[in-house]
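To start, the structure under review is shown below, and the notes come after it.
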Amino acid sequence: MGAGHGHVLYRESDSPVHRLPPEVKIVAMVVFTLAVVATPREAFWAFGAYAVLVAAVAALARVGPRWLLSRALIELPFVLFAVALPFLGSGDRVEVLGLRLSEDGLHGAWNILAKGTLGVLASLLLAATTTTRDLIVGLDRLHCPQVLTQIATFMLRYLDVLVGEARRMRVARISRGDDPRFLWQLRGFAAGIGALFLRAFERGERVYLAMLSRGYTGRMPAVWQGEGAASAGQWLVAATVPVLAASIAATAVVLS
Amino acid sequence: MHISNGIIDGPVAAIFAALALAALTACVLRGRRDLDDRLAPMAGLVAAFIFAVQMLNFPIFTAGVSGHLLGGALAAMLVGPWVGALCVAVVLVVQALIFGDGGVAMLGLNITNMALLGTAAAYALIALLLRVLPRTRAGLAVTAFVAATLSVVVASQGFVLEYWLGGTTDLGNNLGGLAGTMAGVHLLIGIGEGLITATTVLTVAKVRPDLVYALRSLRAPAAPAVPVAGGVR
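Protein chains in written order, with this note's numbering: chain A, 1 to 256; chain B, 1 to 233.
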């Protein structure tokens, strides 16, 4: 993590997608996901078309399929819920490989798997091409209330403070002869959490007071906001993906 | 506990999105008044803490549900119900946008369960227990523990309610089973959450009692106002 600019998922690059203003990417991603969710689950071809769209954007953003698929494993817990559905669902039963499965449940599992995966891939693409700083700027330009962007700004900055404090405290414990292995660690871990919170807060408070004394008013300086707000052309370019997705969804609804 | 895209159908998700939006607007209006020089960095830290803690996911293989700590009680205790709900909501929005944790289209449902239901239940319990229990460290610990444990269970039942209203797969009679599994699993998670919340709140209350929002109203008459903004400690 480099000084609060990137985050674990950010991929440094200069692709056309990286250069798009953040607010445009956020809106495109949200509209794309809504279109995917609105698609009837029996329209298998539509989900194939969405996958092609995601692959095209990923290629344009120079994000490799291996990176994308390995990060998509975050949705594993939901996939497990999907696996259980064919056994729990009610209604007509069908024979699959000698198992009597609920047809409705199978459809439901497919529904969760397809829509969940496409949603995760879309947000991973946003994460890979947008720094956290840009994400906040984008939300601010989309007129997200200032209280929220303020909390989000501090949250993303203090995440590093928290991780740093935790690392220092761990090193301090080990160097004093503690043996932090899982079960032995538990008591020290519990006692350490409160101390960690307090230490991180006092560090964060000093940062905040320093910001206040340098003229912080709750909004990040104008340098962040002014330049690079999306032009009409950029909105049009970025609109291609969500508009395509929305027309696929509309076609699928009409056909079903 | 994050609901991913496709688990609940569109109309129900839309209704809960509208509900969450209205409730969050109220929180923004009330929270703005609360957010002073002490609460602003605290809100950020509470959000960061919740963010980190929510990354620990426990998949429960037999039932196919996943659970994790929620942090609503900690937020309600340290920054109050309004800003607390906003903190959890911010965590959920950032997770949905860039980590793909919980679907963007299901954000309304997730915010209703974890940010609104969880925090509201926790704060109601805190307000009640702090009045009933003795004002000692043990009383505070019990308050934090009970509020955290029960708020997690309440939030998990929010999912069951939403699934009953608009689950994409009809579970028939298994819905009761879903409710039981969610409640049982989240009771266990809630105990873990209760322990973490209680230790954190106790430490903060011991060293910097001025930082605990829930104790403000109780101690207000005793302590004279101390200027804090920009002060040097």
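Ideal Cβ placement from N, Cα and C applies to all residues, glycine included.
- In this structure, the beta-carbon distance from residue 191 of chain B to residue 102 of chain B does not fall below 8 Å.
- The beta carbon of residue 37 of chain B falls within 8 Å of a beta carbon belonging to chain A, placing the residue at that interface.
- A contact between stretches requires three or more CB pairs, one per stretch, nearer than 8 Å, and the region 61–68 of chain A fails this requirement with the region 17–27 of chain B.
- Boundaries cannot be given for residue 143 of chain A, as no alpha helix (DSSP H) includes it and DSSP labels it neither H nor E.
- Among the residues of chain B, none has a CB under 9 Å from the CB of residue 256 of chain A; the nearest is roughly 14 Å distant.
- Residue 125 of chain B and residue 146 of chain A have their C-alpha atoms spaced approximately 29 Å apart.
- DSSP places residue 154 of chain B in the uninterrupted alpha helix (DSSP H) bounded by 137–166.
- When Cβ pairs closer than 8 Å are counted between the two stretches, the region 117–130 of chain A is seen to touch the region 7–23 of chain A, the count reaching three or more.
- Excluding its 5 nearest sequence neighbours in each direction, residue 154 of chain B has C-beta neighbours in its own chain below 8 Å: 117, 118 and 121, listed in chain order.
- Per the DSSP secondary-structure output, residue 8 of chain B pairs in a beta bridge with B/167.
- A Cβ-Cβ separation of about 6 Å places residue 74 of chain B in contact with residue 200 of chain B under the 8 Å criterion.
- Closest option to residue 149 of chain B, judged by alpha-carbon separation, among B/128, B/157 and B/194: B/194.
- 8 Å or more divides the Cβ of residue 118 of chain A from the Cβ of residue 28 of chain A.
- Contact check for residue 195 of chain A and residue 203 of chain B: beta-carbon distance about 6 Å, within the 8 Å limit, so the pair qualifies.
- For residue 131 of chain B, the enclosing alpha helix (DSSP H) has its first and last residue at 118–132.
- By the CB criterion at 8 Å, residue 210 of chain A and residue 45 of chain B fall outside the cutoff.
- In the three-state reduction of the DSSP assignment, residue 22 of chain A falls in the helix class.
- Taken in chain order, the members of the region 176–189 of chain B whose beta-carbon sits within less than 9 Å of a beta-carbon on chain A are 177 and 178.
- In the displayed model, residue 37 of chain B falls within coil according to three-state DSSP, outside both helix and strand.
- The C-beta of residue 208 of chain A comes closer than 8 Å to at least one C-beta of chain B.
- In the three-state reduction of the DSSP assignment, residue 255 of chain A falls in the helix class, which pools H, G and I.
- Close CB contacts of residue 68 of chain A within its chain, under the 7 Å cut and outside five residues either way in sequence, are with 58, 121 and 124 (chain order).
- Taken in chain order, the members of the region 21–33 of chain A whose beta-carbon sits within less than 8 Å of a beta-carbon on chain B are 26, 29, 30 and 33.
- In this structure, residue 154 of chain A keeps its C-beta atom at 8 Å or more from the C-beta atom of residue 209 of chain B.
- Taking the Cβ atoms as the reference, residue 9 of chain A lies roughly 6 Å from residue 98 of chain B, within the contact range of under 8 Å.
- For the region 34–53 of chain A, the set of residues with a beta-carbon nearer than 9 Å to any beta-carbon of chain B comprises 34, 36, 37, 38 and 41, in chain order.
- For residue 186 of chain B, the uninterrupted alpha helix (DSSP H) segment begins and ends at 175–207.
- Residue-level contact by beta carbon holds for residue 145 of chain A and chain B, with a gap shorter than 8 Å.
- Between the beta-carbon of residue 145 of chain B and that of residue 182 of chain B there is about 21 Å, and that puts the pair past the 8 Å contact cut.
- Counting along the chain, the unbroken alpha helix (DSSP H) around residue 108 of chain B starts and ends at 107–110.
- When the beta-carbon positions are compared, residue 115 of chain B and residue 88 of chain B come within less than 8 Å of each other.
- Counting only the Cα atoms, residue 109 of chain B lies some 11 Å from residue 166 of chain B.
- Remark: C-beta atoms of residue 86 of chain B and residue 152 of chain B do not approach each other more closely than 8 Å.
- For residue 48 of chain A, the enclosing alpha helix (DSSP H) starts and ends at 44–60.
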